[in-house]
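From first to last, the protein sequence lines are chains A and B. Our numbering puts the last residue of the first sequence at 630; the count rises by one with no breaks. Our numbering puts the last residue of the second sequence at 237; the count rises by one with no breaks. Inspection log for the structure reproduced underneath, given as structure tokens.
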Amino acid sequence: MTDLHWLPTIPDWRARLRALADHSAPWDEALALANAKLNFVLTNSLDEMARRVIPAPPSELATKPVRLAILGSCTLAHLHSAIRVAGLRRGIWIDTYENEFGQYLQELSETASGLHDFKPTAILFVFDAYHVCGGLTAGMDDAAAGALLDEVKDRIREAWRLAREAFRCPILQQTILPVHPTLLGGNEHRLAGSRAAFVARLNNDLRAMADAEGVDLIAVDARAAVDGVAKWHDTALWHRSKQEIALTAAPFYGDLVGRMLAAKQGRAAKCLVLDLDNTVWGGVIGDDGLEGIVLGQGSPLGEAYSAFQDYARELSRRGIILAVCSKNDEANAVEPFEKHPEMVLKRGDIACFVANWSDKASNIRAIAKELNIGIDSLVFIDDNPFERNLVRQELPMVAVPEVSDDPTYYPTAIADAGYFDGITVTDDDRERSGQYQGNLARDALKASVTDLDSYLRGLEMQLVWRRFDKIGLQRVVQLINKSNQFNLTTKRYTEEEVLAVMDDPRAFGLQLRLTDRFGDNGVIAIIIGRLNDRNDLYIDTWLMSCRVLGRQVEPTTLNLIAAEARRLGAGALVGEYIPTKKNGMVKEHYTKLGFTDTKHDDAGGNVSTLNLSTFLPIDTFIHVVEG
Amino acid sequence: MASETDIYGVLTEIFQDVFMRDDLKLTPEMTAKDVKGWDSFKQIEIIMATEERFGIQLNTREIDSLQNVGDLARVVVLKQK
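Shown next, in the form of structure tokens:
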């Protein structure tokens with residue numbers, strides 16, 4: 004997808020563009036019009052009209068005007084307006100210059116050139132894939148192709164050096180668009196003279212070169228991997244006019260450049276402001292309550308909200324500040340952060356938490372003030388179109404991505420918009436969320452692992468158990484009705500039947516989560532136990548997610564069951580295996596845990612018992628907590 | 157599917173946007189000579205914008221054979237079938 008999908012459609016856009024000349028604040032109006040989902044034609048129209056009405060940078064701009072020279076090897080004319088409009092979108096005035104076709108090295112070296120007259124304050128190098136692969140053929144061996152790669156890299160470094168010496172300005176390098184069809188396929192990299200493989204190697208090496216030389220990348224190769232090369236490169240257009248970037252991708256290309264130039268001026272966004280109801284979880288916490296909101300494992304939608312929370316947390320771990328702006332009673336809004344077991348974000352992840360009934364624009368102003376950052380460094384995400392439009396209208400400097408009511412696509416909307424695209428990541432950024440130490444520890448763990456026991460010990464696993472409750476009810480019922488493999492009895496229960504277990508004083512139901520230092524595995528096991536006529540504890544249901552096999556969850560669970568059974572006064576545990584087509588893996592489950600086999604039936608089932616008076620809890624590496 | 161009248165309506169909007177001229181009225185016989193600034197780049201813009209709006213793709217031969225606005229409208233009708 005190369006359209007600017009995070010920007011809204013402005014219904015009267017055409018009329019407003021045509022009225023730009025009569026507007027009392029034409030720059031602000033042009034800026035507003037640039038913040039719309041524009042295709043390349045409308046991008047061109049806006050650029051043309053804006054230049055006509057505003058021929059020079061307005062004097063009151065808070066940003067620094069940029070004189071960008073685009074130096075390259077192919078036709079770039081269609082990219083100028085897209086880059087200028089992307090600047091306008093961010094309040095940055097950009098003038099552009101392009102070298103005579105293919106003459107970038109000459110113009111860099113000769114002081115009597117259009118480039119030197121232009122006096123660029125930033126330079127973007129754009130080398131097309133056909134150009135960099137010049138001279139390469141599939142017949143070449145490793146040495147010949149390697150020599151050519153070195154030569155191309157030297158040429159690029161030389162261009163950077165010339166540019167830096169002549170203009171002392173920031174240098175951007177577009178990565179090479181992988182336009183070439185393969186010759187060998189999946190093992191293309193084994194063909195040294197392959198153009199596709201050559202471009203891949205060069206792009207890989209460009210990263211290290213750029214880091215070494217302080218050059219910033221416009222990573223169109225990464226975008227092409229997301230959107231598909233065909234969205235970025237129109238081969239027919241290349242044959243017709245030597246335009247490597249597809250016309251329809253030009254606005255997105257311009258935005259990639261615009262956001263980088265903004266970041267170079269320190270104008271990347273710093274803070275993500277989250278709405279809560281139907282943005283961070285499904286439903287309305289004030290109406291639906293802790294048990295009613297949709298979040299976490301158990302439903303696709305719940306997982307999508309968790310995944311969005313995870314993306315936000317990852318952003319915070321790399322230094323983006325998180326804030327909350329919600330229309331709610333504060334006590335209700337905070338409750339899931341503190342009590343809902345599926346919340347990925349915790350209260351401590353939120354630097355500024357605003358939940359009240361005031362309008363969101365005022366609250367967002369208050370958040371910027373509280374955090375002491377510019378209001379133009381905020382991004383506000385809200386599922387509600389009303390709130391989005393209100394904030395856009397009241398606070399046009401706040402970025403408000405256009406999103407649907409499906410949280411699945413919230414991370415993509417934020418990533419594609421590039422609000423937080425940055426230059427570098429500092430240790431400070433990472434330490435802000437305290438994760439840096441965690442990473443070091445995890446690496447140390449990997450390095451020190453030599454056997455399974457030490458690995459398991461190092462995982463710092465916690466089995467977090469709760470009796471059945473209403474919050475977990477849906478997930479419990481779901482697991483009971485869908486688990487087939489690690490399921491001793493495969494008894495299916497309705498919600499009512501599970502509720503009945505909760506009310507039965509001679510029974511217990513347990514839901515078990517497993518966490519470790521790498522994260523939360525969610526609810527992974529369900530136990531239902533019930534006293535029989537002899538006052539032994541019959542294990543009615545024992546099921547577990549196969550994901551956590553081999554991690555000592557089974558013996559740890561047995562310890563828990565034994566403790567619960569003792570609490571009910573049971574003398575022994577009775578475990579039954581009822582065979583199905585799918586649960587053969589747990590046929591020996593109980594005997595492996597030290598139960599005594601007491602009964603077999605013809606169908607392959609068995610019943611085993613464990614005497615609780617002599618049973619000692621089994622030692623495992625899992626720490627058991629109630630929570 | 158759009159009728160030929162609808163197609164002319166959409167094409168008119170595309171032309172007006174591409175040339176930033178709201179007075180442009182399209183006729184089937186209209187060619188690049190009739191509109192100031194209609195060069196090879198604008199020609200490509202018009203075709204790409206048409207493809208985008210109608211969700212169609214013209215191949216190289218089809219693009220090469222376009223002589224006037226009428227040809228473009230006809231190829232849109234054909235492609236939509």
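Glycine is no exception: its CB is placed at the ideal position from the N, C-alpha and C atoms.
Residues in its own chain within less than 7 Å of residue i by CB, not counting five upstream and five downstream?
| i | result |
| --- | --- |
| M588(A) | Q488 and F489 |
| E160(B) | A229 and V233 |
| L448(A) | With a pLDDT of 49 at L448(A), under the threshold of 50, the predicted position of this residue should be treated as unreliable, though the coordinate-derived value follows. Closer than 7 Å at the Cβ level, and outside the excluded window around L448(A), lie G461. |
| E499(A) | none |
| K485(A) | none |
| N47(A) | S84 |
| F423(A) | A271, A272, L318 and I323 |
| A148(A) | L139, A195, G196 and F201 |
| D604(A) | none |
| W30(A) | I57 and P61 |
Check each candidate in the options and name the one with the smallest Cα separation from residue i.
| i | options | result |
| --- | --- | --- |
| L209(A) | G189(A), T178(A) and S197(A) | T178(A) |
| I581(A) | Y593(A), G608(A) and C355(A) | G608(A) |
| Q236(B) | F210(B), I219(B), S221(B) and Q223(B) | F210(B) |
| P184(A) | E51(A), I174(A), R198(A) and L459(A) | R198(A) |
| A573(A) | I324(A), S616(A), H592(A) and G105(A) | S616(A) |
| A35(A) | G90(A), H81(A), P60(A) and F43(A) | G90(A) |
| M505(A) | N524(A), R469(A) and D386(A) | R469(A) |
| L41(A) | A28(A), P60(A) and R17(A) | R17(A) |
| G532(A) | G525(A), V526(A) and Y541(A) | Y541(A) |
| T612(A) | K602(A), I621(A) and M4(A) | K602(A) |
| L214(B) | T238(A), L23(A) and P60(A) | T238(A) |
| S548(A) | I529(A), T623(A) and L275(A) | I529(A) |
| L264(A) | A59(A), D600(A), A326(A) and V88(A) | V88(A) |
| K234(A) | L275(A), P181(A) and Q268(A) | P181(A) |
| M52(A) | D120(A), G305(A), D31(A) and A24(A) | A24(A) |
| E267(A) | G425(A), D153(A) and R93(A) | Here residue 267(A) is Lys; the residue named in the question, Glu, does not match the sequence. Nearest C-alpha to K267(A): G425(A). |
| L546(A) | I221(A), N535(A), N538(A) and L515(A) | L515(A) |
Would you mind telling me which residues of chain B sit closer than 7 Å to residue i, beta carbon to beta carbon, in chain order?
| i | result |
| --- | --- |
| A80(A) | F197 |
Take residue i and list the residues in its own chain whose beta-carbon comes closer than 6 Å to its own, dropping the five residues that flank it on each side.
| i | result |
| --- | --- |
| I2(A) | The structure shown has nothing for residue 2(A), since chain A only spans 4 to 630. |
| V155(A) | V135 |
| E345(A) | L298 and G299 |
| D216(A) | The question names Asp, but residue 216(A) in the sequence shown is Glu. So the list reads W163, once near-sequence residues are dropped. |
| G578(A) | I542, Y593, F598 and S611 |
| I174(A) | I126, W163, A166 and V218 |
Quick one: list the residues of chain B neighbouring residue i, beta-carbon separation under 8 Å, in chain order.
| i | result |
| --- | --- |
| E51(A) | M176 |
Using a Cβ-Cβ cut-off of 8 Å (strictly less than) and excluding sequence neighbours within five positions of residue i, which residues of its own chain qualify?
| i | result |
| --- | --- |
| V501(A) | F471, L476, V479, V480, I483 and G512 |
| T168(B) | L180, K181 and L182 |
| A162(A) | L74, Y107, L108, L111 and F128 |
| D519(A) | L462, E463, M464 and Q465 |
| L240(A) | Q246, A249 and L250 |
| V628(A) | Q465, L466, V467 and W468 |
| K8(A) | Sequence inspection shows His at residue 8(A); the Lys mentioned does not correspond to that position. Cβ neighbours of H8(A) beyond the five flanking positions: K40, E405, A416 and D419. |
| H119(A) | E110, E113 and A169 |
Determine the chain A residues that contact residue i at a beta-carbon separation under 9 Å, and present them in chain order.
| i | result |
| --- | --- |
| I163(B) | Residues of chain A passing the Cβ test: none, with the nearest at roughly 17 Å. |
Starting from the beta carbon of residue i, find every residue of chain A whose beta carbon is closer than 8 Å, and list them in chain order.
| i | result |
| --- | --- |
| D179(B) | Near D179(B) there are no residues of chain A at all, since even the closest Cβ is about 12 Å away, more than 8 Å. |
Could you list which residues in chain A have their beta carbon closer than 7 Å to that of residue i, in chain order?
| i | result |
| --- | --- |
| D173(B) | V44, L45 and S48 |
Is the closest heavy atom of the ligand NAD to the C-beta of residue i under 7 Å?
| i | result |
| --- | --- |
| V233(B) | The ligand NAD is not part of this structure, which contains no ligands at all. |
- [ ] Could you please tell me which residues of the region 229 to 253 of chain A, in chain order, have their CB closer than 9 Å to any CB of chain B?
- [x] Within the region 229 to 253 of chain A, the qualifying residues are D237, A239, L240, H242, R243, S244, Q246, A249, L250 and T251.
Task: Contact set between the region 18 to 49 of chain A and chain B, restricted to residues whose Cβ is under 8 Å from the partner - done: For the region 18 to 49 of chain A, which is checked against every Cβ of chain B, the residues closer than 8 Å are R21, N42, F43, V44, L45, N47 and S48.
- [ ] Go through the region 362 to 444 of chain A residue by residue and report every complete run of the beta strand (DSSP E) that reaches 3 residues or more, in order.
- [x] 381 to 384
- [ ] Only counting runs of 4 or more residues, tell me where the alpha helix (DSSP H) segments fall wholly within the region 80 to 167 of chain A, in order along the chain.
- [x] 80 to 92, 107 to 112, 117 to 121 and 132 to 135
Task: Residues, ordered as in the chain, of the region 197 to 226 of chain B that lie near chain A by beta-carbon distance below 7 Å - done: F197, I200, E201, M204, A205, E208 and T216
Open item on the list: Which complete alpha helix (DSSP H) runs does the region 559 to 620 of chain A hold, if anything under 4 residues is left out?
Closed with: 592 to 595
- [ ] Starting from the N-terminal side, write out each stretch of the alpha helix (DSSP H) that is 4 residues or longer and does not extend beyond the region 227 to 264 of chain A.
- [x] 232 to 235 and 238 to 244
Task: Runs of alpha helix (DSSP H) wholly within the region 466 to 506 of chain A (minimum 4 residues, chain order) - done: 476 to 485 and 498 to 506
Task: Sequence ranges, alpha helix (DSSP H) only - wholly within the region 198 to 233 of chain B, length at least 4 - done: 216 to 220
Task: Unbroken stretches of the alpha helix (DSSP H), 4 residues or longer, contained in the region 4 to 81 of chain A - done: You should have 16 to 21, 29 to 37 and 43 to 56.
TODO: Run through the region 265 to 300 of chain A for me and flag every whole beta strand (DSSP E) of 3 or more residues, listed as ranges in chain order.
DONE: Segments of the beta strand (DSSP E) lying fully in the region 265 to 300 of chain A: 274 to 277.
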